[in-house]
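> Protein chains in written order, with the working numbering: chain A, 1 to 292; chain B, 1001 to 1207; chain C, 2001 to 2316.
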Amino acid sequence: MTLRRAECLALIAAALAMPACSRSSAGSIRVGSKNFSEDITVAEIYAAALERAHIPVERHMDIGSTQIALAAMQRGDIDLYPEYTGTGLIDVLHLPPMHDASALYSTVKSAFERRFGITWLAPSPANDSQGLATTRSIAQKYGLKTLSQCARLASQLRFASVPEFVVRADALPGLQKFYGGFKFKDTRMYAIGLQYAALERGEADVATAFTTDSQIASDDLVLLQDDRHFWPPYNIAPVVREAALRAHPQIAGILNHIAPRLTDDAVRKLNLQVNVQKLDPADAAAQFLGTV
Amino acid sequence: MTYLSHHVPQTAQLLLQHIELVAAGLALALIVALPLGFFAARKAALATPIFGSAGVIYTIPSLALLALAVKYLGLGFWPLVLVLAAYAQFILIRAAATALQSVPAAQLDAATGLGMSPTQRLLRIEIPLAMPVFLGGLRLATVASIAIATLGGYVGAGGLGDDIFFGLQRQYLDQTLAGSIPAALLAIAADALLRLMERAYARRITA
Amino acid sequence: MPQPSSSVRFDGVTVRYAGADRNAVDGVSLEIPSGAFTVLLGPSGCGKSTLLRTVNRLAVPVKGTVYVGDTDAAALDPIELRRNIGYVIQAVGLFPHMTVAQNISVVPSLLRWDRARIAARIDELLELVSLDPSRYRGRYPRELSGGEQQRVGVARAIAAEPQVLLMDEPFGAVDAIVRASLQDEVHRIARRLNATIVFVTHDVDEALRLADRIVVMRDGKVEQYDTPLRILTSPANAYVAQLLDTGDTIRRLGLLRVQDAMRSVDGTVDAYIDGARSLREALNAFLNGARVLGVQKSGELAGILDFDDVRRALRA
């Protein structure tokens, strides 16, 4: 009886000790990502690039939403993750939209440095803006091409959304106000990625979309035009803890070198590989870096 | 099962993380639940508030509790362990209390009459005789924890939930199955193992 | 080895359970001499078990004092007290996850006896209760019959050589045949033990068979405290008379021995009977046709007994 009890205690102690063993080793950079495949894939690209330059990397992919990832970085649980300039402006800093991409970038950079001790490295051309999508058949049926038209027809349309979209100031609430106040016939919540399936199955007429999503290109879907320019640019860029950057100044050079290569097309291709061709994000990242 | 066959080491690592999460959650749960169950069994007046609080926690949706924990505790692992421990309370406190109360009065009277101190009686008689009932509750809590631990996929805590949710997002069913099938097998294995222990204990203590 | 006194004395002992409307034990005072086999006899609820349990402090008096071997039981550490008092209960309460040997060794282990002494004691006790040590040592309670379990229960109770042994209706849960043999065992062991035995029962025949003295109880009070024979011949009141059915002469005959009623003379006899047997058995012989019985002691004829001798013994 006593022997068995000792075994149990040993098991429990081991279980509690195990996570402590995976603390970050000094000198490595902890690369994280938000909870959707594009951010994960770009994070894998950043991580692989650093590793090729012989900087040890610890991965913490798929942490959670914008709030959670940023909180993790502020607490010092991670050092770096891919963020979007428009998201930083509206969702984090709660400032009104700007449409000049470089002015926007400077604004978020200085604000993040001042408030969080976090800086932005060079932005990429890829603009993963938010948007609304619909199927080709519905677009034809209602003559639906722009967001203004969508706003007018909203009461007849069923909306498939993702969780962040209905609460972010740079998403549905802001969009509704900007386009003169409208309400969809009904709104249903889906996990990120599944809202497209709802659209295809005919469970919804309009769905949340991101402009670099692979589903836009490969599926029978149409992106509605932001004719009144509600959305600011969402250029992708690494956000880094200033302390980590001081410890590893070469990070800036390495990641800024890749930045120009992440174009709209490059990012759509990555999304196609990961979401449609079911490649591992790490493999897609390796292929991308192979061409740089 | 193409995904699984090409990702054996990754799946194995997620399985190991999953077991870590469940083990840590149960260990933490037991540290709290065992004393509480003991007091609930000894003092009827304490039983109601103790069971009541555990019940209230149990009704909070797990994802809500998890989001709260992540906000204050950071990245996935510890928040999820905390949530697992919180949910297990409902089953484990009750199991501990019921188990102690199931020890026959004759054995308790004999133990006291022979001259065992309250501690000796607890360690040598009550706990061994209470084990089968308690193991039944532990079995339930373990299986429930294996299921709840898949929520780790939402907050990057590791574990098989990572595959389940990433697969859902990419609409890659194979990946989702690579997460959910091992989780189900883990639950079945844990249930079978604990059932065996339960039965072995019960055989030993039939009067 | 001279033993210190192991008498048990009750001095105005009153016990009342929380929320009860009357006392379970009401002002009981009596003294049980060292080495005596005393039976507490009465119907359910008369307080006999409660009185018993005041000796090892499983029941606590609200008034009065219990003395164990001249010491106030309340002044002693209850756990130490219990380790030195044997306790046998009706439900036996053997620990099912322990072997017979482990059950018996509980109190010696608590008293920190060394291993060799405990092992020897276990074998000694099993022999004492007529269980073959080599066959029973390693068995578990579930493998034993009710009678065997209670034998182990008794062995467990006396393992540490207590000078006081408390037995609370120990044979109530076994069938009549097993009960008779267990009573014989206890009777036999009692003489070898040198302990003061306090035995609770509601079975009148059991009390008459085993007791040196009987305490007849009702509603928490003592109705009579005397030897079995004197209770049968001079019951204190109608209650005692009715409880023990003292009008039942045959019962009384069971308590009288042939050798005490015989005449030490010669004569023609129809059959023989051993002097240690009871007059009840002699009556049996007379009812079966004998007129004069020859009484034998250690194989030799010591006297004769006829029916008139029996009637004379009853009148004494």
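Don't be surprised by glycine CBs; every beta carbon is placed ideally from N, CA and C. Because the structure is a prediction, the values reported are computed rather than measured.
For residue 1083/B, tell me which candidate among 1023/B, 1118/B, 1112/B has the shortest Cα-Cα distance.
Selected option, being the one with the closest Cα: 1023/B.
> Give me the chain B residues within the contact set of residue 2096/C, using Cβ-Cβ distance strictly less than 8 Å, ordered along the chain.
Simply 1107, 1129, 1204, 1205, 1206, 1207.
> Using Cβ-Cβ distances below 8 Å, what residues of the stretch 1059-1083 of chain B are close to chain C?
none
> Secondary structure at residue 189/A, three-state DSSP: helix, strand or coil?
Three-state result, residue 189/A: strand.
> In three-state DSSP terms, what is residue 2086/C?
strand
> With DSSP run on the structure shown, which of helix, strand or coil describes residue 2007/C?
Residue 2007/C: coil per DSSP, three-state reduction.
> Which residues does DSSP list as the beta-bridge partners of residue 2306/C?
2292/C
> DSSP three-state call for residue 1171/B: helix, strand or coil?
Per DSSP, reduced to three states, the secondary structure at residue 1171/B is coil, with no helix or strand assignment.
> Can a CB atom of chain A be found closer than 8 Å to the CB of residue 1170/B?
yes
> In the DSSP assignment, find the alpha helix (DSSP H) that holds residue 1101/B and state where it starts and stops.
1077-1101
> At what residues does the alpha helix (DSSP H) containing residue 1065/B begin and finish?
1062-1073
> At least one CB of chain A closer than 8 Å to the CB of residue 1199/B: is that the case?
no
> Can you look up residue 2044/C in the DSSP assignment and give me helix, strand or coil?
In the structure shown, the three-state DSSP call for residue 2044/C is coil.
> Which residues does DSSP pair with residue 2224/C in a beta bridge?
2216/C
> Give the C-beta separation of residue 1065/B and residue 1086/B to the nearest angstrom, bearing in mind that I take them to be a contact with Cβ-Cβ under 8 Å.
7 Å
> Of all Cβ atoms in chain C, is any one closer than 8 Å to the Cβ of residue 1112/B?
At least one CB of chain C lies nearer than 8 Å to the CB of residue 1112/B.
> Express the C-alpha separation of residue 1201/B and residue 1124/B in angstroms, rounding to a whole number.
A direct Cα-to-Cα measurement between residue 1124/B and residue 1201/B gives close to 14 Å.
> Report the neighbours of residue 1166/B on chain A: residues whose CB is nearer than 7 Å to its CB, in chain order.
62
> Figure out for me which residue from 2017/C, 2182/C, 2163/C has the closest Cα to the Cα of residue 2060/C.
2017/C
> Once the 5 residues before and after residue 2298/C are set aside, which same chain residues still bring their CB inside 6 Å of it?
Beyond the five residues adjoining it in sequence on each side, residue 2298/C comes within less than 6 Å, by CB distance, of no other residue in the same chain.
> My output table needs one value for residue 2112/C: the three-state DSSP class, helix, strand or coil.
Residue state, collapsed to three classes: coil.
> If residue 2187/C sits next to residue 2208/C, beta carbons under 8 Å apart, how far is it from one beta carbon to the other, in whole angstroms?
Actually they do not touch by this definition, with Cβ atoms about 12 Å apart.
> Who are the near neighbours of residue 79/A in its chain, counting only those whose CB is closer than 6 Å to its CB and skipping five residues on each side?
29, 30, 241, 244
> Can you tell which of 118/A, 85/A, 285/A, 247/A has the C-alpha that lies nearest to the C-alpha of residue 55/A?
247/A
> With burial defined as no fewer than 16 other Cβ atoms inside 10 Å of the residue's Cβ, what is the status of residue 2250/C: buried or exposed?
exposed
> Which of helix, strand or coil does DSSP assign to residue 2026/C?
strand
> What is the DSSP secondary structure of residue 24/A, counted as helix, strand or coil?
Confidence at residue 24/A is low in this model, with a pLDDT of 46, below 50, so its placement is unreliable and no value can be given for it.
> Going by the beta-carbon positions, is the gap between residue 1081/B and residue 64/A smaller than 8 Å?
Between residue 1081/B and residue 64/A, the C-beta gap is not smaller than 8 Å, which leaves the two residues out of contact.
> For the stretch 2023-2031 of chain C against the stretch 2168-2178 of chain C, do three or more pairs of beta-carbon atoms, one drawn from each stretch, fall closer than 8 Å, so that the two count as touching?
no
> Are the C-beta atoms of residue 1008/B and some chain A residue less than 8 Å apart?
For residue 1008/B, the answer is no, since every Cβ of chain A falls outside 8 Å of its Cβ.
> Between the alpha carbons of residue 2159/C and residue 1111/B, how many angstroms are there, rounded?
14 Å
> For residue 2247/C, which residues from the same chain have a beta carbon less than 8 Å from its beta carbon, with the 5 sequence-adjacent residues on both sides left out?
Annotation for residue 2247/C: 2241 place their beta carbon closer than 8 Å to its own, counting only its chain and skipping 5 residues before and after.
> Say whether the stretch 1011-1019 of chain B touches the stretch 81-99 of chain A, bearing in mind that this needs 3 or more beta-carbon pairs closer than 8 Å, one atom from each stretch.
no
> Along chain B, which residues have their Cβ under 8 Å away from the Cβ of residue 193/A?
1168, 1169, 1170, 1171
> Give me, in chain order, the residues of the same chain whose beta-carbon lies closer than 8 Å to that of residue 2231/C; leave out the 5 immediate sequence neighbours on both sides.
2214, 2216, 2224, 2240, 2244, 2246
> So, with DSSP's three-state summary, where would you put residue 277/A?
coil
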